[in-house]
Every structure is written in structure tokens, then in C-alpha cells.
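Right, one structure below, let's go through it.
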Amino acid sequence: MLRFLLFLCGAATGAAAVLIYVGIVTVPPSWTPWGPLDLAEEPGVFTRIQLAGLRDEPGECFEALEKAGITFAVQPQRPVENGCGLVDTARVRQVATTYSGAFVATCPVIAALYLFERHVLDPAARLHLNSGVARINHFGTYNCRNVYGRAVGRRSEHALANAIDIGGVVLEDGRIVSLARHWDRGGSPEGRFLREVNDGACRFFNAVLGPEYNAAHHDHFHLDMGRWRVCR
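Going by full-length UniProt numbering, the letters in the sequence shown line up with residues 1 to 232, in that order.
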């Protein structure tokens, strides 16, 4: 009996998926893993999968940035050699929020940052600190190096500008919150804010590494859109 019920559930799910895919049943794009990503839409359960899929659809990705009102400059292609290069990247100074300096990143990283800022970072700041985020302080994106800068080993996602390191924020009221100063103050408003940001970033990035991961990340969040899934 149980097997029969499981079969019916699977069949119903499959039939629904087919009806949605061929357009007979209409649902919001964020409700399907294959739908076009609209950054203005409320994120859904498949949003991170849609973001990851943008790596293979650069035209669709840049169109999504443009539609969201993000000002960016597409960068010249730098073919990947020895694990380093710039492919389908853009230069930005502001996504949804202003950054401490302009940076170059892959289009999926910029798209993920837009959603992260709107749906995680700023709401968490207003909840815990009673102020919005005026500026994001970052440590950089592109760096042709291995993981942790080791002499041997696999390349970091930074080698493709497919990652960004965020060290903290400046609030609209002028206060500065940094991981180096406030992460260990877990019971403070700043500490609670940073922990919520750490957890919330996993909704949009494939890899999120913070102080709980290891000592190398004691002062920043590493956010990337690589193929490895990790949330620490």
C-alpha cells in the first residue's frame, strides 16, 4: 500500500512538472528551476538553482541585471589559462547597495549579491540594528591564486572572479559593523546581525564560508557561485 501511495505521489508530481514545463499550468518563474530569473520577483525555493544556471546563460544573466536597474560594464573576455581568467564578468560599484570600491565579478555573483542585499543583508540590519545598510566593505573578488594562497592545490573561485569577500558594513546611521570586531559578540545586536547574514547568504550563494568555518575566515564572509555546495 505504501509503495502504491508513493507511486501515486511521484506520478502526480511528474505530471504537474510536465504541465508547468509545457505552459499548460502557469506559476511564477521563481517556482520552477528552469524559469527565467527575474531579480525583482520574490525569491523562491529554486532561486539559487536558477542563479547557478546563469553561468551557462550569460546573455540571460546580463539581461536580468539590466532589468533590475543595476549599472554595470561588461568586461573584455580573458580566456582561462592555468585556472585563472575572466569570462562573462562585469565591473560594478553598486549593486542594490554601494560598495567600498568597484570590483569585477561574474554575472551570477552580481545577481546573487543583488538578492542577498535586498532579502538578507538590509532586512537583517533593520531588524537587529534599527538602521539600513549604506555601504558594504569588501576585500576583493579577482585574485589568480589557489585556495588559501597555497603553493599547490586547486584554484580558488577568486581566480575566476566568481567570489567576493565581505568584511562588514557601514550603516545609514554611520555605525560600522565588522566581522573582525563583532562576530565573537554573539549575544550583541551586531553579533546576531552577522549570524543571520551568514545563514541567509546560503539562500543565494553556492558556497558561504565565515568565521565558523576556519581561522582563515575570521574577518570576512567568502561568498561564491562555484559548483561546490557548502554553507558554514
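No residue lacks a Cβ here, since even glycine has one placed at the ideal position from N, Cα and C.
The structure displayed is predicted, hence computed values, not measured ones.
Nearest in C-alpha terms to Leu115, of all of Gly44, His158 and Leu171, is Gly44.
In the structure shown, Gln75 adopts coil according to DSSP, grouped into three states. Per the DSSP secondary-structure output, Arg91 pairs in a beta bridge with Ala73 and Val104. The beta carbon of Tyr142 is closer than 6 Å to those of Val104 and Ala161 in its chain, skipping five residues each way along the sequence.
If you look at His182, you'll find it in the alpha helix (DSSP H) that goes Leu179 to His182. Contact between Val169 and Val133 holds, with the beta-carbon distance rounding to 5 Å and staying under 8 Å.
Take Asn198, set aside five residues on each side of it, and the residues of its chain with a beta-carbon closer than 6 Å to its own are Gly210, in chain order. Beta-bridge analysis with DSSP links Asp56 to no other residue. When the Cα atoms are used, Glu41 and Ala151 turn out to be separated by approximately 43 Å. The Cβ atoms of Pro36 and Met225 do not sit closer than 7 Å to each other.
Take the alpha-carbon of Gly187 and the one of Gly153: they are about 37 Å apart. Secondary structure note for Leu127: its alpha helix (DSSP H) is the uninterrupted segment Asp122 to Leu129. Here Asp56 is exposed: its Cβ has fewer than 16 other Cβ atoms, across all protein chains shown, within 10 Å.
The residue among Thr71, Val95, Asn214 and Val87 with its C-alpha nearest the C-alpha of Thr106 is Val87. In summary, Asn206 is buried, with 16 or more beta-carbon neighbours lying within 10 Å of its beta-carbon over all protein chains present.
By the C-beta density criterion, Asp184 is exposed, having fewer than 16 other C-beta atoms within 10 angstroms. Inclusion of Leu194 and Ser131 in the CB contact set at 7 Å is not warranted, their separation being larger than that value. Going by DSSP, Val197 is part of the alpha helix (DSSP H) stretching over Pro189 to Ala201.
When only Cα atoms are considered, Pro58 and Ala68 end up about 15 Å apart.
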